[in-house]
Amino acid sequence: MRTILISGANRGIGLNIAYKELKEGNRISVGIRDLESLKGSIIDPDKWPERRILINKYDALKKKSADNWIKNTVNEFGGFDSIINCSGVLSKVPFLYKDGDEEEILNTLNINFLAIWNLCRLSWEHLCASGRGRIIVLVSMSGKRSKGDLAAYSSSKFALMGLCQTMRNKGWGKNIRISAICPSWVNTEMSKNISSLDKSKMTQPEDIAEICSTILKLPMQSVPFEISLNCNYEI
Ligand SMILES: NC(=O)c1ccc[n+]([C@@H]2O[C@H](COP(=O)([O-])OP(=O)(O)OC[C@H]3O[C@@H](n4cnc5c(N)ncnc54)[C@H](OP(=O)(O)O)[C@@H]3O)[C@@H](O)[C@H]2O)c1
15 MRTILISGAN RGIGLNIAYK ELKEGNRISV GIRDLESLKG SIIDPDKWPE RRILINKYDA
75 LKKKSADNWI KNTVNEFGGF DSIINCSGVL SKVPFLYKDG DEEEILNTLN INFLAIWNLC
135 RLSWEHLCAS GRGRIIVLVS MSGKRSKGDL AAYSSSKFAL MGLCQTMRNK GWGKNIRISA
195 ICPSWVNTEM SKNISSLDKS KMTQPEDIAE ICSTILKLPM QSVPFEISLN CNYEI
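This is the structure we're talking about:
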């Protein structure tokens with residue numbers, strides 16, 4: 015059984031991953047902004063009476079909330095061995111941004127990059143202690159190539175990819191493995207305004223949950239560092 019911290023677990027990719035991990039018998043500790051948002055959802059604790067789900071208030075923009083989330087998890091479950099980072103925001107701020115856009119750029123960097131760094135940094139000793147640590151990060155194809163003009167978003171994801179590579183180096187000798195998942199479009203709220211591609215042709219959040227489940231089951235020597243997923247052909 016794994017004990018997994020999952021951010022952004024109230025909707026989209028994070029919710030699907032959380033559901034899959036619960037179904038597979040793991041314990042999950044979710045970090046979400048709105049505690050009420052899980053009421054009636056597929057991971058509503060009322061539907062899972064075995065106390066394998068812990069809900070924590072987590073806002074990526076509030077450093078202290080990461081600390082509290084980790085402490086609550088250790089108190090409840092005695093430790094944890096995995097983190098799956100799913101919180102994130104899409105920004106359309108372009109390269110030629112206008113004065114005043116700096117706030118959104120910084121917000122995007124804070125949520126998509128610095129908050130993940132902070133959460134992983136604070137979790138490190140617990141992942142080391144587990145002897146079989148895993149960090150899965152929802153990066154994006156936008157963290158591997160810049161297509162179009164999503165300068166703020168893409169920059170945050172490239173920075174995140176750099177962090178993943180560094181954590182890979184640091185974690186190797188500590189039995190911690192990192193996996194960066196890099197999809198193009200996934201059918202969630204984040205991609206709802208994409209009209210060029212039918213939603214059914216996008217990668218589905220359940221597919222990402224399946225990938226995460228496999229990563230967590232693979233032995234240490236076979237964990238993929240990077241998984242790139244294109245739902246459509248790119249030149
Ligand atoms: N969908 C795609 O096409 C796609 C493609 C490639 C990569 N990704 C990446 O995959 C991850 C998950 O995306 P998704 O598609 O599931 O998006 P989504 O449906 O929009 O969900 C985003 C999640 O991030 C949470 N979040 C946003 N700001 C937060 C904050 N300040 N503190 C804590 N949580 C916050 C949201 O919580 P609230 O409900 O409280 O807002 C929500 O749970 C993101 O990192 C995204 O960049 C997505």
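Numbering (my numbering), first residue to last: 15 to 249.
Ideal placement from N, C-alpha and C gives every residue a C-beta, glycine not left out.
Three or more beta-carbon pairs separated by less than 8 Å are not found between the stretch 200–210 and the stretch 156–176, which leaves the two stretches without contact.
Scanning its chain for C-beta atoms nearer than 6 Å, with the 5 sequence neighbours on each side dropped, one finds around Asn-244 the residues Ser-198, in chain order. Between the stretch 145–160 and the stretch 111–118 there are fewer than three inter-stretch CB-CB distances shorter than 8 Å, so the stretches are not counted as touching. Under the three-state reduction of DSSP, Pro-238 is assigned to coil, being neither helix nor strand. Under the rule that a run must span 3 or more residues, the beta strand (DSSP E) segments found entirely inside the stretch 173–198 read 190–197.
Counting the other CB atoms within 10 Å of its CB gives Leu-110 a total below 16, which places it among the exposed residues. Between the stretch 81–90 and the stretch 54–61, the count of Cβ pairs shorter than 8 Å is below three; the stretches do not touch.
In the structure shown, the three-state DSSP call for Asn-40 is coil. When distances are taken from the beta-carbon of Cys-245 to the heavy atoms of ligand 1, even the shortest one reaches 6 Å or more. Sequence-distant partners of Lys-213 (beyond 5 residues in either direction) whose C-beta falls short of 7 Å from its own C-beta, in its chain, are Asn-201. In this chain, Thr-202 is not harboured by any beta strand (DSSP E), its DSSP state being neither H nor E. For Gly-92, the three-state secondary structure derived from DSSP is coil. Looking at Val-151, Ala-80 and Lys-61, the one whose alpha-carbon comes closest to that of Leu-133 is Ala-80. Between the stretch 88–108 and the stretch 136–152 there are three or more C-beta pairs closer than 8 Å, enough to call the two in contact. In the structure shown, the three-state DSSP call for Ser-101 is coil.
For Asn-246 and Lys-206, the gap between their C-alpha atoms comes out near 16 Å. Beta-bridge partners of Leu-68 (DSSP): Ser-43. The Cβ-Cβ distance between Leu-75 and Asn-124 falls below 7 Å. Residue burial annotation: Gly-185 is buried, with at least 16 other C-beta atoms found within 10 angstroms of its C-beta. Leu-49 is classed as exposed because its beta carbon has fewer than 16 other beta carbons within 10 Å across all chains shown.
The alpha-carbon separation between Asp-113 and Val-237 amounts to approximately 44 Å.
Leaving aside the five residues that flank Leu-177 on each side, the residues in its chain whose CB is nearer than 6 Å to its CB run, in chain order, Trp-131. Separation of Ile-42 and Gly-187 (C-alpha to C-alpha, rounded to the nearest whole angstrom) is 26 Å. Assigned with DSSP and collapsed to three states, Gly-162 falls in coil, not helix or strand.
DSSP lists Ile-195 as the bridge partner or partners of Leu-152.
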